[in-house]
Every structure is written in C-alpha cells, then in structure tokens.
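Residue numbers (full-length UniProt numbering): 1 to 382. We put the beta carbon where it would ideally sit given N, CA and C, even for glycine. None of these values were measured; they are calculated from a predicted model. One structure is given here, and the rest of the page talks about it.
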C-alpha cells in the first residue's frame with residue numbers, strides 16, 4: 001500500500017492519533033487519523049492540522065506478459081472489493097487550528113488521544129484538546145474549540161524535544177535549545193504545573209520516557225550524549241554516555257524489550273544500546289547512512305523492528321537478523337555504501353525526510369513527513 005499527500009505548507013512534525021476503529025486492523029481499505037504542524041513563511045500563517053485519511057486501498061502492480069501475476073492481482077482486487085471497495089479514491093478530510101509560530105514538534109498523549117502538545121518556534125509549548133475537531137470529522141457541524149488548554153512560555157529558547165509518559169497519565173517533559181529540561185505534572189482542573197528541573201548545558205534534541213519506570217526518562221543532546229534522568233533527582237542526570245561523534249538528533253526506547261534504546265546522530269550513524277551494560281559498546285551500530293538521522297522509532301509490537309529516516313529515504317530494519325559483529329561491537333556496514341543484512345525495506349522519493357511513525361493499530365503501516373509532503377505505506381515484504 002502506498003499513498004502520498006502534499007499539504008499547503010511542509011510539516012516538520014506529526015503524530016498518529018489513536019482512534020476507536022479497533023486494534024490489529026489488517027482489512028483494506030484503511031483509515032488513518034493524524035495531527036501535523038506546519039512550517040509556513042510567516043508565524044501567523046501556521047496551524048495544527050487534524051487529518052482523516054480514509055479509503056486507503058491496497059496497491060497492485062500488474063506486469064505485462066505475466067498472466068499468472070495479473071490473475072492473482074485480479075483475484076486480490078475482487079476479494080478486497082467484497083471487503084469494502086478498493087475502487088474508491090482515497091479521501092482526505094481535515095480541520096485546522098490556528099498556531100502562532102512554526103510547529104517544531106507535535107505529540108499526542110498515549111492514554112488520551114485528544115490531548116496534543118506542540119513545541120512552537122516562538123519558544124512556547126501549547127497543550128490542546130482536539131476532541132471537538134475529532135468529532136467534527138465524524139459529524140460535520142460540531143462547534144470547534146480552537147483555544148489552547150495551556151500555553152507555557154518558560155523555556156528560554158525554542159525547542160524540539162518533548163514526550164508524554166506512557167506510564168503516568170498526563171506526565172510530560174520538554175526540552176529546549178538552551179539545554180533546559182522542564183517537567184510537566186498534571187493538576188486538578190485539566191492543567192499542569194511546570195518546573196525546570198535540569199539544564200544539560202547544550203541543546204536537548206529529543207526526550208523519551210521509560211516504558212516501565214514512571215520517574216525515568218532519557219535525552220539525546222548536541223553534546224553527543226544520551227543521558228538517563230530520574231525526576232526524583234533534580235540537577236544532573238543519573239547516567240550519561242557519549243553515544244556518538246556528532247549531535248544526537250533522536251532517540252527511541254523499545255517498549256517491548258525495555259532494556260533497548262536506539263539513538264541516531266547528525267553524522268548518519270544510528271546505534272542500539274543495552275541499558276543493562278550502559279557505557280559499553282553498543283549492541284549494534286549502523287554506519288550506512290550518509291545524511292543526518294532525522295527520526296527513528298521501534299515497531300509497536302515487533303521487538304526487533306525499527307523504522308529509521310535520514311534526509312534521503314526511510315528504512316525499515318529487522319535487528320533480529322544476525323551478522324558477524326566486528327571488533328568493538330559495531331555492525332551494519334563501513335560507511336562506504338554497504339547494505340546491512342538487517343535492512344528489510346527502503347522507501348524513496350521524498351525530499352528532506354523529517355519524521356516517520358508506525359501506526360499503533362494497523363500492523364506495519366508507516367507514515368512519514370518530508371519537505372515534499374506526507375507518505376503513508378505498508379512495506380510490500382511486511
């Protein structure tokens with residue numbers, strides 16, 4: 001399956017919005033709900049956009065002179081038509097929320113999909129309740145509430161790092177380019193108390209909460225470090241390790257094997273770490289990419305699969321595939337274009353890829369954003 005969408009303005013960040021259509025959905029056509037933030041040419045033109053992409057059908061390829069393949073495709077099309085009709089064109093419905101400033105990052109709360117946070121280029125962090133917008137896509141005519149639940153201006157500079165805790169409902173952390181890390185704790189009335197608990201001294205590029213420990217989170221920063229913090233101890237990290245030879249752009253904590261954490265850097269290297277042996281060599285290091293790693297995310301159900309994007313393409317790796325590991329624990333090519341055996345799929349065609357996310361309810365569906373727009377696809381070999 002493959003579908004593409006070009007918005008009015010490019011979007012640096014987006015997130016999948018969980019819906020009530022069920023889990024483990026494999027039947028076509030698919031429906032995807034996502035929220036994205038724009039990078040317009042003026043602060044006042046920016047917006048958050050809630051998108052509903054429906055009638056996303058399977059993609060078929062018929063080869064001339066291959067009658068058997070064509071017959072198989074025809075049979076598959078007939079089967080899918082009986083299931084819901086794949087002849088229909090994809091449908092896009094959307095609703096906008098005005099957002100002053102470019103949207104550096106947007107994230108939905110895992111326990112309440114209608115609660116969305118955005119990091120603005122103005123330095124502000126906003127919390128939104130998009131329930132009325134979600135309802136309007138199902139029942140047109142619903143009155144929209146475009147007012148932020150809370151806006152916070154305590155960061156000294158703009159930032160990109162933010163994450164909701166999967167363990168403690170409403171707990172949230174944000175980081176900025178001055179190194180500040182701020183902790184958000186929910187209080188009565190649907191608002192948050194926000195305090196600056198730490199300063200990394202360098203730009204904090206990404207934050208990931210532990211899947212199992214309610215007080216623990218990790219950061220990646222421009223000091224080349226991956227650090228582990230505990231909210232009960234303010235001031236400095238509990239653990240810190242220089243993980244790369246360049247800025248750490250992104251990190252992802254494996255929710256299925258919780259001792260594994262992946263990190264991607266500005267020099268195109270991404271690594272997988274065992275937190276039980278923190279400070280030692282990574283379990284795997286991939287040096288195949290020639291441009292900065294802009295996004296990585298573990299598969300929501302497959303413990304060994306990860307989607308990685310750089311400026312040029314989006315890649316799916318299966319880290320359960322074994323190969324001979326070189327001295328020092330590194331694996332995955334020598335930086336000269338070697339293709340590692342763990343590489344399952346490569347998706348090309350977009351310019352300047354920025355984020356990639358798995359859909360938590362549709363197995364192996366990936367959505368990406370780039371300068372050239374959004375792509376939604378399911379790899380043909382998954």
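Taking the CB atoms as reference points, tell me whether residue i and residue j lie closer together than 9 Å.
i: residue 24; j: residue 37; result: no
i: residue 207; j: residue 228; result: no
i: residue 53; j: residue 92; result: yes
i: residue 366; j: residue 346; result: no
i: residue 160; j: residue 175; result: yes
i: residue 254; j: residue 242; result: no
i: residue 216; j: residue 245; result: no
i: residue 355; j: residue 258; result: no
i: residue 210; j: residue 167; result: yes
i: residue 265; j: residue 314; result: no
i: residue 237; j: residue 184; result: no
i: residue 35; j: residue 15; result: yes
i: residue 343; j: residue 364; result: no
i: residue 5; j: residue 30; result: no
i: residue 165; j: residue 214; result: yes
Which class does residue i belong to by DSSP, given the choice of helix, strand or coil?
i: residue 260; result: strand
i: residue 133; result: helix
i: residue 275; result: helix
i: residue 356; result: strand
i: residue 280; result: coil
i: residue 302; result: coil
i: residue 20; result: coil
i: residue 70; result: Only weak support exists for where residue 70 lies, its pLDDT of 49 falling under 50; the value from the coordinates is given anyway. Here residue 70 sits in helix by DSSP.
i: residue 174; result: strand
i: residue 196; result: strand
i: residue 93; result: strand
i: residue 385; result: Nothing can be reported for residue 385, as the shown portion of the chain is limited to 1 through 382.
i: residue 297; result: strand
i: residue 161; result: strand
i: residue 42; result: coil
i: residue 205; result: strand
i: residue 377; result: strand
i: residue 362; result: coil
i: residue 326; result: Residue placement at residue 326 cannot be trusted, given a pLDDT of 42 that sits under 50; the coordinates are not used to answer.
i: residue 212; result: coil
i: residue 367; result: strand
Hey, residue i and residue j are a contact pair by Cβ (cut 8 Å); roughly how many whole angstroms apart?
i: residue 150; j: residue 127; result: 5 Å
i: residue 202; j: residue 230; result: Between residue 230 and residue 202 the Cβ distance is about 20 Å, and since that is not below 8 Å, they are no contact.
i: residue 272; j: residue 262; result: 5 Å
In the DSSP assignment, what are the bridge partners of residue i?
i: residue 270; result: 264, 286
i: residue 9; result: Partner(s): none; residue 9 has no beta bridge.
i: residue 346; result: 315
i: residue 187; result: 191
i: residue 240; result: 227
i: residue 152; result: 125
i: residue 35; result: 15, 50
i: residue 139; result: Paired residues: none, contrary to the question.
i: residue 247; result: The partner list for residue 247 (beta bridge, DSSP) is empty, contrary to what the question assumes.
Touching or not, the segment 184–192 and the segment 134–141, by the rule of three or more beta carbon pairs under 8 Å?
No: the two stretches stay apart, fewer than three of their Cβ pairs being nearer than 8 Å.
Contact between the segment 275–286 and the segment 295–303 is defined here as three or more beta-carbon pairs at a separation below 8 Å; is this criterion met?
The segment 275–286 is not in contact with the segment 295–303.
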